[in-house]
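K.L.:
Protein sequence lines, in the order shown, are assigned to chains A and B.
Per full-length UniProt numbering, the first sequence starts with residue 1, numbered consecutively.
Per full-length UniProt numbering, the second sequence starts with residue 1, numbered consecutively.
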Amino acid sequence: MAETEQFPLRVDDLRVDFATRQGTVSAVDGVSFQVERGHVLAIVGESGSGKSVTSRACLGLIDDNATTRGSILVEGQDMLALTERERNKLRGQRISMVFQDALAALNPFATVGRQVADAYRVHHPSANRKQAHARAVEALAAVGVPEPAQRAAQFPHEFSGGMRQRVMIAMAIVNEPAVLIADEPTTALDVTVQAQVLQVLDELRERMGMAMVLVTHDLGVVAQIADEVAVMYCGHFVEKGTVFDIFDRPSHPYTLGLLNSTPDPEADGKRLKAIPGVPASGSSRPSGCPFHPRCAYQPEVGERCLVERPELGERPGSEQHRAACHLGPERKLP
Amino acid sequence: MVRFIVRRVIISVFVLLAISLCVYLIFYSSTVDPARVICGRPCQPERLTQIHQLMDIDKPAFAQWLDFVKGLFVGRTFGTGPSAMICSAPCLGYSFDLRQSVTSLIVARLPITASIAVGGAVLALFAGMASGILAARHRNRLPDHLVRGSSLVLLATPTYLLGLIAILVFGFWLNMVPVSGYVPFGESPVEWLWHLVLPWCVIAALSGSSYARYARNQMLDELGAEHLLALRATGASPRTVGRTARRGVWVPIITLFGLDLAGLLGGAVFTERVFGMHGIGDLLIDGVGRHDLGVVVGTALFGAALIIAANLVVDIAYGFIDPRVRRG
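(1) Would you say residue 235 of chain B faces chain A, with C-beta separation under 8 Å as the test?
(2) So what's residue 187 of chain A in DSSP terms, helix, strand or just coil?
(3) So what does residue 94 of chain B bridge to, in DSSP terms?
(4) Please name the residue in A:63, A:85 and A:90 whose C-alpha comes closest to that of residue 75 of chain A.
(5) Buried or exposed, going by whether 16 or more other CB atoms sit within 10 Å of the CB of residue 107 of chain A?
(6) Assuming residue 401 of chain B and residue 264 of chain B are in contact, meaning their beta carbons sit under 8 Å apart, how far apart are those beta carbons, in whole angstroms?
(7) Please name the residues in the stretch 268 to 298 of chain A whose beta-carbon is closer than 8 Å to at least one beta-carbon of chain E, in chain order.
(8) Return no unless some Cβ of chain B is closer than 8 Å to the Cβ of residue 124 of chain A.
(9) Which residue or residues does DSSP assign as beta-bridge partners of residue 337 of chain A?
(10) Using a C-beta cutoff of 8 Å, does residue 93 of chain A count as contacting chain B?
(11) Note down, in chain order, every chain A residue with its Cβ under 8 Å from the Cβ of residue 255 of chain B.
(12) Taking Cβ positions only, does residue 51 of chain A come closer than 8 Å to chain B?
(13) I'd like the span of the beta strand (DSSP E) that includes residue 19 of chain A, first residue to last.
(14) Going straight from the alpha carbon of residue 328 of chain B to that of residue 291 of chain A, what length do you get?
(15) Mind listing which residues of the stretch 103 to 133 of chain A have their C-beta closer than 7 Å to chain B's C-betas, in chain order?
(16) Quick check: residue 316 of chain A and residue 329 of chain A, are their CB atoms within less than 8 Å of each other?
(17) For a contact defined as C-beta to C-beta under 8 Å, what are the partners of residue 227 of chain B on chain A?
(18) To the nearest angstrom, how far is the alpha carbon of residue 257 of chain A from that of residue 314 of chain A?
(19) Output needed for residue 160 of chain A: all residues of its chain with C-beta closer than 6 Å, excluding positions within five of it in sequence on either side, in chain order.
(20) According to DSSP, what are the bridge partners of residue 87 of chain B?
(21) Taking the runs of the alpha helix (DSSP H) that are 4 residues or longer, which of them lie wholly in the stretch 140 to 226 of chain B?
(22) Per DSSP, which residues does residue 23 of chain A bridge with? Please list them.
(23) Taking 6 Å as the limit between beta carbons, can you name the residues of its chain near residue 247 of chain B, skipping five residues before and five after?
(24) Taking residue 182 of chain A as the reference, which of A:147, A:190, A:191 and A:204 has the closest Cα?
(25) Is the Cβ-Cβ distance between residue 239 of chain A and residue 320 of chain A less than 8 Å?
(26) Helix, strand or coil for residue 163 of chain A? Go by DSSP, reduced to three states.
(27) Measuring straight from C-alpha to C-alpha, what distance separates residue 324 of chain B and residue 14 of chain B?
(28) Hey, quick one: how far does the beta strand (DSSP E) through residue 43 of chain A stretch, first residue to last?
(29) Go ahead and label residue 19 of chain A buried or exposed: buried means 16 or more other beta carbons lie within 10 angstroms of its beta carbon, across all protein chains shown.
(30) Going residue by residue through the stretch 68 to 146 of chain A, where are the continuous beta strand (DSSP E) segments of at least 3 residues, counting only ones entirely within it?
(31) Given a limit of 9 Å on CB to CB distance, which residues of the stretch 246 to 279 of chain B reach chain A?
(32) Could you check which residue in A:190, A:243 and A:215 has the C-alpha nearest to that of residue 232 of chain A?
(33) Can you tell me whether DSSP reads residue 327 of chain A as helix, strand or coil?
(34) Does any residue of chain A have a CB that is nearer than 8 Å to the CB of residue 137 of chain B?
(35) So if DSSP puts residue 34 of chain A in a beta bridge, which residue, or which two residues, is it bridged to?
(36) For residue 238 of chain B and residue 130 of chain B, I'd like the C-alpha separation in whole angstroms.
Put into structure tokens, the structure is as follows:
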């Protein structure tokens, strides 16, 4: 299998800087990853860590006041080197996006059938209205909207949150893209509905062999469907590996902190541990390791954390397991 | 939808009645006796009483108002015999000064006011929309600064000042357009247009600048809205994205437009005065000057009715444009 077929999405040294009145703010600072066909990469981090910017950058949907560097290869084509016109050919066709808030992301003035059909017709200009509508109903059925033909005539506000998110997904997969970016797709939903929507995404990934990037802050979601995980902090990946690497042998204090602040039904009676301090953002980035002001292990390493930013280095576990921490590969975190 | 419209119409009628009562009471509490104005000098007490009776203002204010409301539906007659003054329904009052019913006065002047109002409002709408969207598209660059700067200056300019400057520059100095007066459309469409160009431009500049500011901000909101980002994520062309964004701008702008148009139709007081056009606004101002109670109450109520009707139309239009209102 050709490399671009096996890895429909390859991001290399992505950097996104925003020009603001206070100067340049770096939102994403040297992020690299690739996603294999039929696999799910979860990007995990707190708000402001740069995960949403990363996901938008993959579609080339970054505001004009930002400069984006590096490369984003979608089936071998570099999103950042293409013209806007060429990008529009890929968007929605080879790479699609599901947004967090479906109520805000759907057009309130158009029926959902129309919106899904329009998403199809953008890339199939020869299709007539009827064909596009039929395709839209198919897509709505594929994401589990009951009575899709009737519901296609309704407006977004007539749908429940979970159903609306399914409509959003139908819009994204109607052209059978190779890559699907899901930006916090379940955050706005009830827990029970969350599981259903995740299941829909997982089924579609399997059936269509999509490479999926799931942006989330919810480790429960990660454990359910991710194959690989990248933990993002302050515009960097601080740890990445398979889902087993991350859950069984977290090697960055920040990952450990995230795990400890997630409820675990088996750890009966144990109190949740919050990570102290506030997340560093692009405009107020600490020197050295960006996590050092909040890190419990910084005294163990000493001065070095304050002056030198650690690079991603190999860690025990799977071949892909990497962490950016001065503690080194031998130190096992509890 | 039908129930919604019926309910709104019923409410509107009550609002109008309340407004007419307020206008009545305000004018009734004035110290000037309208009968004395007509009576002339010297004015015998017997004659004054006679006139009071003729005008139906020898009763308490509330009873007078009831007569007025009745007149709206069935008409009224003042006096008896051959000299009786008949005011047929809908009777908005009677001007004893002008010896005409207010309704017929308004109807006679409506073409003038309508010509000014409709042309000015439509021009304002399109000029404002175009410049607002232009500004939003070039945010923080030269076109945006120009639109924002000039609209701010225009918003702060009184109508009469801008009107007088326009007359001075385009009428006297450049001698391009007539400076005053109105020619009916039926008489000469070209002259009609020629006389209206300047008032239209003045209204367009003034109302248009508030549209422009509103449209600019609304367009920026729309362009930043998540559903537009989602639309771009489907690969939609910039044209489609622009069209979708503009649709979101039209909705609130149409509301402003409806109310503005109604306000102008009720009488563009300053514009009519400055350009020497005897429309409804002119009628109102003259009526106030002469203490002509009938004219003042009638034209004020007419203006209020237009605004309420425009509100109703806008609300119904909203129902058609926005599906969330329709079923809500």
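Glycine is no exception: its CB is placed at the ideal position from the N, C-alpha and C atoms.
P.N.:
On the basis of the supplied data:
(1) yes
(2) coil
(3) Answer is B:101, bridged to residue 94 of chain B.
(4) A:90
(5) buried
(6) The question about residue 401 of chain B has no answer, for chain B in this structure spans 1 to 328.
(7) Here chain E cannot be found, since the structure's protein chains are A and B.
(8) no
(9) Residue 337 of chain A lies beyond the stretch modelled for chain A, which goes from 1 to 334, so this question has no answer here.
(10) With a threshold of 8 Å between beta carbons, residue 93 of chain A makes contact with chain B.
(11) Within 8 Å Cβ-Cβ: nothing; residue 255 of chain B doesn't reach chain A, min ~16 Å.
(12) Not one chain B Cβ lies under 8 Å of residue 51 of chain A.
(13) 9 to 20
(14) Caution applies to residue 328 of chain B, whose pLDDT of 44 falls short of 50 and renders its modelled position unreliable; the model cannot decide the point.
(15) 104, 105, 106, 107, 108, 109, 119, 122 and 123
(16) Yes, Cβ-Cβ distance for residue 316 of chain A and residue 329 of chain A is below 8 Å.
(17) 104, 105, 106, 107 and 108
(18) Approximately 20 Å, taken between the alpha carbons.
(19) none
(20) Residue 87 of chain B is bridged to B:76.
(21) 142 to 155, 159 to 166 and 189 to 224
(22) A:20
(23) none
(24) A:204
(25) no
(26) helix
(27) 27 Å
(28) It spans 40 to 44 - the beta strand (DSSP E) in which residue 43 of chain A sits, taken as one unbroken run.
(29) Residue 19 of chain A counts as exposed, since fewer than 16 other beta carbons sit within 10 angstroms of its beta carbon.
(30) 95 to 98
(31) Closer than 9 Å at the C-beta level to chain A, one finds these residues of the stretch 246 to 279 of chain B: 247, 248 and 251.
(32) A:215
(33) coil
(34) no
(35) A:10
(36) 18 Å
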